[in-house]
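Engineer:
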Amino acid sequence: MRGSIRRMFMLLVLVTALTVPLPLFPACSGVSPGEIVYTIADTWGDWGYPSPYAHYARGPGYMRMSFLFDTLVWKDEEGFIPALAESWEYVAADNAYVFNLRDDVTWHDGTDFTAGDVAFTIEYVKEHPLPFITLIGPTGIASTEVVDDYTVKLYLEQPYGPFLNDVAGTLAILPRHIWEDVEVPEEFTAPEAVLGTGPYTLADYSREQGSYAYEAYDDYYLGKPAVDTLLFVKVSEQMIPAALEQAAVNAGSIPPDLAGEMEGSDFTVLLCPYGWNAKLTINHTKEPLSSREFRQALAYAIDREALVDISQRGFAMAGSPGMIPPDSEWYNPDIEMYEHAPAKALQLLESLGYQLEDGRFTKDGENLELELITEVTFKEAGQFVEQQLEDFGIDVDFSTLEGATLDARVLNWQFDLSIYGHGGLYEPSILPKVITGSGFNSARYQGNDTLNELLENQLHEMDSEARLELVYEIQEIYAWELPALSLYYPDWYWAHDGSVDMYYTSGGVATGIPVATNKMAFLEYKAQ
Numbered sequence: 006m007r008g009s010i011r012r013m014f015m016l017l018v019l020v021t022a023l024t025v026p027l028p029l030f031p032a033c034s035g036v037s038p039g040e041i042v043y044t045i046a047d048t049w050g051d052w053g054y055p056s057p058y059a060h061y062a063r064g065p066g067y068m069r070m071s072f073l074f075d076t077l078v079w080k081d082e083e084g085f086i087p088a089l090a091e092s093w094e095y096v097a098a099d100n101a102y103v104f105n106l107r108d109d110v111t112w113h114d115g116t117d118f119t120a121g122d123v124a125f126t127i128e129y130v131k132e133h134p135l136p137f138i139t140l141i142g143p144t145g146i147a148s149t150e151v152v153d154d155y156t157v158k159l160y161l162e163q164p165y166g167p168f169l170n171d172v173a174g175t176l177a178i179l180p181r182h183i184w185e186d187v188e189v190p191e192e193f194t195a196p197e198a199v200l201g202t203g204p205y206t207l208a209d210y211s212r213e214q215g216s217y218a219y220e221a222y223d224d225y226y227l228g229k230p231a232v233d234t235l236l237f238v239k240v241s242e243q244m245i246p247a248a249l250e251q252a253a254v255n256a257g258s259i260p261p262d263l264a265g266e267m268e269g270s271d272f273t274v275l276l277c278p279y280g281w282n283a284k285l286t287i288n289h290t291k292e293p294l295s296s297r298e299f300r301q302a303l304a305y306a307i308d309r310e311a312l313v314d315i316s317q318r319g320f321a322m323a324g325s326p327g328m329i330p331p332d333s334e335w336y337n338p339d340i341e342m343y344e345h346a347p348a349k350a351l352q353l354l355e356s357l358g359y360q361l362e363d364g365r366f367t368k369d370g371e372n373l374e375l376e377l378i379t380e381v382t383f384k385e386a387g388q389f390v391e392q393q394l395e396d397f398g399i400d401v402d403f404s405t406l407e408g409a410t411l412d413a414r415v416l417n418w419q420f421d422l423s424i425y426g427h428g429g430l431y432e433p434s435i436l437p438k439v440i441t442g443s444g445f446n447s448a449r450y451q452g453n454d455t456l457n458e459l460l461e462n463q464l465h466e467m468d469s470e471a472r473l474e475l476v477y478e479i480q481e482i483y484a485w486e487l488p489a490l491s492l493y494y495p496d497w498y499w500a501h502d503g504s505v506d507m508y509y510t511s512g513g514v515a516t517g518i519p520v521a522t523n524k525m526a527f528l529e530y531k532a533q
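Everything in the sequence shown is counted per my numbering, starting at 6 for the first residue and increasing by one.
1) Taking Arg365 as part of the beta strand (DSSP E), name the residues at either end of that continuous run.
2) Identify whether Val187 lies in helix, strand or coil by the three-state DSSP scheme.
3) Are Thr76 and Ala177 touching if we call contact CB-CB under 8 Å?
4) Which residues mark the beginning and the end of the alpha helix (DSSP H) in which Trp485 is found?
5) Report all residues from its chain with a CB closer than 6 Å to the CB of Asn170; omit the five preceding and five following residues, and keep chain order.
6) Would you tell me roughly how many angstroms separate the C-alpha atoms of Thr156 and Tyr205, rounded to the nearest one?
7) How long is the line joining the alpha carbons of Ser491 and Trp93, rounded to whole angstroms?
8) With 16 other CB atoms within 10 Å as the buried threshold, where does Arg300 fall?
9) Quick test of your reading: Tyr498 and Met322, contact by CB under 8 Å. State the CB separation rounded to the nearest angstrom.
10) Check whether the Cβ atoms of Glu341 and Trp485 lie closer than 8 Å to each other.
11) Please state if the CB of Thr510 and the CB of Asp81 are separated by a distance shorter than 8 Å.
12) Please report the straight-line C-alpha distance between Asn523 and Phe72, rounded to a whole angstrom.
13) What are the start and end residues of the alpha helix (DSSP H) that includes Pro338?
14) Who does Pro55 pair with in a DSSP beta bridge?
15) Between which two residues does the beta strand (DSSP E) harbouring His465 extend?
16) Roughly how many angstroms lie between the CA atoms of Gly115 and Leu207, to the nearest whole one?
17) Go ahead and label Asp262 buried or exposed: buried means 16 or more other beta carbons lie within 10 angstroms of its beta carbon, across all protein chains shown.
18) Using the rule of at least 16 other Cβ atoms within 10 Å of the residue's Cβ for burial, across every protein chain shown, is Glu292 buried or exposed?
19) Do you know offhand how far Leu411's Cα is from Gly429's?
20) Is it right to say Glu334 is buried, meaning 16 or more other beta carbons lie within 10 angstroms of its own, or is it exposed?
21) Determine the direct distance from the alpha carbon of Gly201 to that of Pro55, and round the result to whole angstroms.
22) Can you tell me whether Val390 is buried or exposed? The criterion is at least 16 other CB atoms within 10 Å of its CB, across all chains shown.
23) Going by beta-carbon coordinates alone, are Glu518 and Met68 separated by less than 8 Å?
24) When DSSP labels each residue in this structure, what does Leu19 get in the three-state scheme?
25) Considering just the uninterrupted stretch of the beta strand (DSSP E) at Ser148, what are its terminal residues?
26) In this structure, does DSSP put Met525 in helix, strand or coil?
27) Buried or exposed: Trp52, going by 16 or more other Cβ atoms within 10 Å of its Cβ?
28) Alpha carbons only, please: which of Gly145, Val254, Arg107 is nearest the one belonging to Ser241?
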């Protein structure tokens, strides 16, 4: 079976790599009649070997791994659902979660899954950290108790509101009998490294072609997936619509300007919930950008609605100064929105001692000039911001840089303004990382003690309504301080042929990955 899958897989890889007219493969060579093959086009391709430690530390890399490994809980389009744990409860008196595990789960080699595997995984990941998981410190797990073979109790370091999302729903459980002797997990790429409890096993992986082939696991505890063979093949964005039309692939991302056309044909088109933002980062460590009023003036001077219409051709939503997107359950609509108001911006700059002379702002005899840097991805947005500020009266030195150079300059505060993007905005646990955190994609702003306290408190609030109030207040203060400004949330579209009922996961997969390839979707199939 695996040999025939590999032959079919390599044929698909060859076809897509050549970017010639793509044929239909409803019953590819070597595949038994009646077997269902589902092919997904991916513009990037290789995301690393799909073990918990060898995949690339980005969302698509995690997704490739997720078909092979399960977590304690998972999410579908409506929210949390059972996975390896059939039920769970939070015991407030012990600050612990009790997970009641399924007793009908086996690893892909037939070995029984037990609570011992869960306990082992937690201790192993503490010793060998994963990029998507933090198990040590205030958001971590203090200790693990194996109550019996199918019950495990996890004691938290501190109350942690998003524990189900960030830990229980993200941490891939490892088989102890395979990993207990692995000392360097990042280098463990033997076939056993991808042996999990998930709905699929790995049939083939090509790093050179950036392609993956999965085979349905017959003994999956939720039933064998209806899709027998699942393929990911690299296809350029320009070729995906043609590949869909010719039935060479079943699903893939499409350019926004083709969404309407494809939706009018025989395809289902999905708009990704907004969870990624392009952001204007402001160097608040230097004058005049260290002034809150100056930062607010910049926000009033930039027309974010026009930016969407012109630089994004309308395929985006204007950013919220509170960062959380308007379609989120966490969004606070009652913050200062900084609607385009050059008169307010002028008033603020004049209050700081600037004068508008011959169309340029000056102070102490010098023109106001700012440097704006970004990478080529955001060139059009950068040009729009440059023009808006120039028209307002601020001289702007705009340039695009290579990604690594941009990251280094931002990290070392060698800039005035920069434009870059990041996701993860489905769950407020991301907020400390991108407001006070130390990474280049963070505002790294700690100038408001109340904001700092709220960011920490919302992580440890276990009552959902009380946590929502804290997140509302965070957005209000963040929008007032304005250490960065979300410019827009881009429209991302996914098209598929309807044979699998694909969907975007509530809150994103795991910690908030915005993709439509949730593994649960492939358990069922609709005949075409």
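Built from N, CA and C at the ideal position, the CB exists for glycine as well. All of these numbers come straight from a predicted model, not from anything done at the bench.
Structural biologist: Reading off the structure:
1) For Arg365, the enclosing beta strand (DSSP E) starts and ends at 365 to 368.
2) DSSP places Val187 in coil when its eight states are reduced to three.
3) Less than 8 Å divides the Cβ of Thr76 from the Cβ of Ala177.
4) Note, Trp485: alpha helix (DSSP H), 469 to 486.
5) Answer for Asn170: Glu432, listed in chain order.
6) Computed Cα separation, rounded: 25 Å.
7) Across the structure, Ser491 and Trp93 are spaced so that their CA atoms are roughly 37 Å apart.
8) For Arg300, the number of other beta carbons within 10 angstroms of its own is at least 16, and it is reported as buried.
9) Rounded, the Cβ-Cβ distance is 14 Å, inconsistent with contact.
10) Result yes, Cβ atoms of Glu341 and Trp485 sit closer than 8 Å.
11) Yes.
12) Rounded to whole angstroms, Asn523 and Phe72 show a C-alpha spacing of 9 Å.
13) DSSP places Pro338 in no alpha helix (DSSP H); its state is neither H nor E.
14) In the DSSP output, where bridge partners are listed per residue, Pro55 has none listed.
15) Looking at the DSSP string, His465 is not in any beta strand (DSSP E); the run it does join, the alpha helix (DSSP H), is 454 to 465.
16) Using only the alpha carbons, I get a separation of about 15 Å.
17) Exposed is the call here.
18) Exposed: under 16 other Cβ atoms inside 10 Å.
19) Separation of Leu411 and Gly429 (C-alpha to C-alpha, rounded to the nearest whole angstrom) is 21 Å.
20) By the Cβ neighbour-count rule, Glu334 is exposed, with fewer than 16 other Cβ atoms within 10 Å of its own.
21) Rounded to whole angstroms, Pro55 to Gly201 spans 11 Å at the Cα level.
22) Counting C-beta atoms within 10 angstroms of its own C-beta, Val390 has 16 or more neighbours from the protein chains shown and is therefore classed as buried.
23) This sequence places Ile at residue 518; Glu is not what is there. The answer is yes: Cβ separation under 8 Å.
24) For Leu19, the pLDDT reaches just 43, beneath the cut-off of 50, and the residue's location in the model is therefore unreliable, leaving the point undetermined.
25) Looking at the DSSP string, the run of the beta strand (DSSP E) that includes Ser148 is 146 to 153.
26) Met525 falls in the helix class under three-state DSSP.
27) Sixteen is the threshold: when 16 or more other Cβ atoms of the shown chains lie within 10 Å of the Cβ of Trp52, as they do, the residue is buried.
28) Checking every option, the nearest Cα to that of Ser241 belongs to Val254.
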